[in-house]
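Taking it in order: structure first as structure tokens, then the write-up.
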Amino acid sequence: MEQDIRPHRTTATQAPLVVFGSVNIDIVAYTEHLPHPGETIHADRSATTLGGKGANQAAAIARLGGRVVLAGRTGTDAFATLARDRLAAFGVGLGHLAADPDRATGLALIGVSRDGQNSITVIGGANLGIDTADAAALQPVLAAAPVLLLQLEIPLPAVLAAAATAREGGATVILDPAPAPAGGLPEAAFQVAHILTPNETETELLVGMRPTGPDDAALAAGKLLDRGLATAIIKLGSRGVYYRSRTAAGFVPPFAVTAIDSVAAGDSFNAGLAVALARGDTLAEAVRFAAAGGALATTRPGASEAAPTLAEVENLLRRQPPAA
Numbered sequence: 001m002e003q004d005i006r007p008h009r010t011t012a013t014q015a016p017l018v019v020f021g022s023v024n025i026d027i028v029a030y031t032e033h034l035p036h037p038g039e040t041i042h043a044d045r046s047a048t049t050l051g052g053k054g055a056n057q058a059a060a061i062a063r064l065g066g067r068v069v070l071a072g073r074t075g076t077d078a079f080a081t082l083a084r085d086r087l088a089a090f091g092v093g094l095g096h097l098a099a100d101p102d103r104a105t106g107l108a109l110i111g112v113s114r115d116g117q118n119s120i121t122v123i124g125g126a127n128l129g130i131d132t133a134d135a136a137a138l139q140p141v142l143a144a145a146p147v148l149l150l151q152l153e154i155p156l157p158a159v160l161a162a163a164a165t166a167r168e169g170g171a172t173v174i175l176d177p178a179p180a181p182a183g184g185l186p187e188a189a190f191q192v193a194h195i196l197t198p199n200e201t202e203t204e205l206l207v208g209m210r211p212t213g214p215d216d217a218a219l220a221a222g223k224l225l226d227r228g229l230a231t232a233i234i235k236l237g238s239r240g241v242y243y244r245s246r247t248a249a250g251f252v253p254p255f256a257v258t259a260i261d262s263v264a265a266g267d268s269f270n271a272g273l274a275v276a277l278a279r280g281d282t283l284a285e286a287v288r289f290a291a292a293g294g295a296l297a298t299t300r301p302g303a304s305e306a307a308p309t310l311a312e313v314e315n316l317l318r319r320q321p322p323a324a
């Protein structure tokens, strides 16, 4: 049923999953509420952590027990050392993480309110130096990879080039369209990605409507499939997840957790989706597994540090079984 998106190879081949994307250091301020324009507020506390959507997804895969290679760029500054040390501690493969001598390591300035909402300003740095040559250098590892995860904190030409190479090699390509370009995505993106995973805001930028529930999400997913996409997975935050492919559709209700920080929850979702598909789960099974991982990531502060373990995800799935 899921032959249009499941990888031709599974993790039984021992080939690692590949993440091609951004590496940042996050400087986080935790406040009672997010500041309004012109407002200055005091933070309760701060943290300096590993971030960037690429690094977050790679770390989350490793936390789930998956083998993973992260490709991208850092600078050669102190933040680069911090990022690489923390990625290595997670068990992420860094053989394709280049050091850019001309650009600083990416930074993200993040505000998190007490109700778990966030606002993020990204300074791309070395991430913005990534180009199609970086994508071409990935060909040997992509030739064996079961899944490639992509995001949009690196230049789009490099994203599309890596996606095309991975797809030709038989990998499943998962694209998180975040941050979504104001003008939407080019048609090529819908042809080279098997799966697109927008949230509500990104969905609105892509199709012109903001989904607030499964009915709206179904309409939006249909619009994405009409553009040539194989599978759309629309993340509705605390309202659940809707998915639709050419052969299957469904809705995963939200898991009952106490959210305190939504930073990188979407990255844990995508990591879980990749791990589940690579081991052979159906689309429905993979989306539910991913949704549990994303929910758990909201229950603790931080970005990569908030990613749950495999045991934690499996425990939540047992405690909250699917509706009959």
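In terms of UniProt numbering, the sequence shown is numbered consecutively and its last residue is 324.
Idealized CB from N, CA, C, for every residue including glycine.
Predicted, not measured: the structure shown is a model, and the values here were computed from it.
Item, Value
"S268 by DSSP, collapsed to three states: which one?", "helix"
"With 16 as the cutoff for other CB atoms within 10 Å, does H33 come out buried or exposed?", "exposed"
"What is the rounded straight-line gap between the Cα of T298 and the Cα of R227?", "32 Å"
"Determine the extent of the alpha helix (DSSP H) in which F251 is found, giving its start and end residues.", "Where F251 is concerned, there is no enclosing alpha helix (DSSP H), although the beta strand (DSSP E) it sits in stretches over A249 to V252."
"When the Cα of H96 is compared with those of V28, L50, R300 and P16, which residue comes out closest?", "P16"
"Which residues in the same chain as A12 place their Cβ atom closer than 7 Å to its Cβ, once the five residues preceding and following it in sequence are excluded?", "Reliability fails at A12, whose pLDDT of 45 lies under 50, so the model's placement of it is uncertain and no value is given."
"Answer yes if the region 255-270 comes into contact with the region 304-311, meaning at least three C-beta pairs across the two stretches below 8 Å, and no otherwise.", "yes"
"Which residue's Cα is closest to the Cα of N56: G170, A143, A83 and V112?", "A83"
"Suppose contacts are defined by Cβ-Cβ distances below 9 Å. Is N24 in contact with L107 by that definition?", "yes"
"According to the neighbour-count rule (16 or more other Cβ atoms, all chains shown, within 10 Å of its Cβ), is T40 buried or exposed?", "exposed"
"Taking 8 Å as the cut-off, does the region 121-141 touch the region 161-170 (at least 3 CB pairs, one atom from each stretch)?", "yes"
"Under the assumption that L205 contacts A182 (Cβ atoms under 8 Å), give the Cβ distance between them as a whole number of angstroms.", "7 Å"
"Please state whether DSSP places L138 in a helix, a strand or coil.", "coil"
"What would DSSP say about A307, mapped onto helix, strand or coil?", "coil"
"Hey, how far is the Cα of N68 from the Cα of G125?", "In the sequence as displayed, the identity of residue 68 is Val instead of Asn. If I take the Cα positions, the gap works out to 24 Å."
"What is the DSSP secondary structure of T165, reduced to helix, strand or coil?", "helix"
"Assuming V18 and T49 are in contact, meaning their beta carbons sit under 8 Å apart, how far apart are those beta carbons, in whole angstroms?", "Not a contact, Cβ separation roughly 23 Å."
"Determine the DSSP secondary structure at G237, reduced to helix, strand or coil.", "helix"
"Flag this pair as yes or no: are the beta carbons of D176 and P198 separated by less than 9 Å?", "yes"
"According to DSSP, H96 sits in a beta bridge with which residue or residues?", "A71"
"Report the CB separation of A264 from Q320 in whole angstroms; it is logged as a contact under 8 Å.", "So it is not a contact: roughly 21 Å between Cβ atoms."
"Excluding the 5 residues preceding and the 5 following E2 in the sequence, name in chain order all residues of the same chain whose CB lies nearer than 6 Å to its CB.", "Unreliable placement is indicated for E2, whose pLDDT of 43 sits below 50; the coordinate value is still reported in the next sentence. For E2, where only same-chain residues beyond five positions count, the Cβ hits under 6 Å are T282 and L283."
"Can G129 and D100 be called in contact, C-beta distance under 9 Å?", "yes"
"Compute the Euclidean distance between the alpha carbons of Y242 and L225, then round it to the nearest angstrom.", "13 Å"
"Using 10 angstroms around the beta-carbon of residue 355, count the other beta-carbons present and answer buried if the total reaches 16, otherwise exposed.", "Residue 355 falls outside the range modelled here, since the chain spans only 1 to 324, and no answer is possible."
"Looking only at C-alpha atoms, which of L150, A323 and R86 sits nearest to R63?", "R86"
"Here's the rule I'm using: 16 or more other beta-carbon atoms within 10 Å means buried, otherwise exposed. How should L219 be labelled?", "exposed"
"Under a three-way DSSP split, which group does T49 fall into?", "strand"
"Counting C-beta neighbours from all protein chains within 10 Å, is the total for T323 16 or more, i.e. buried, or is it exposed?", "For clarity, residue 323 is Ala in the given sequence; the question names Thr instead. With fewer than 16 Cβ atoms within 10 Å of its Cβ, A323 is classed as exposed."
"Sorted by chain position, which residues of the same chain lie with C-beta nearer than 6 Å to F289's C-beta, five sequence neighbours on each side aside?", "G272 and A276"
"So G21 packs on I154, CB below 8 Å; how close in whole Å?", "6 Å"
"Between R45 and the rest of its own chain, which residues show a CB-CB distance below 6 Å, the 5 nearest in sequence each way excluded?", "Y30"
"Answer yes or no: do residue 337 and I123 have a C-beta to C-beta separation smaller than 9 Å?", "Nothing about residue 337 can be reported from this structure: the residues present for the chain run from 1 to 324 only."
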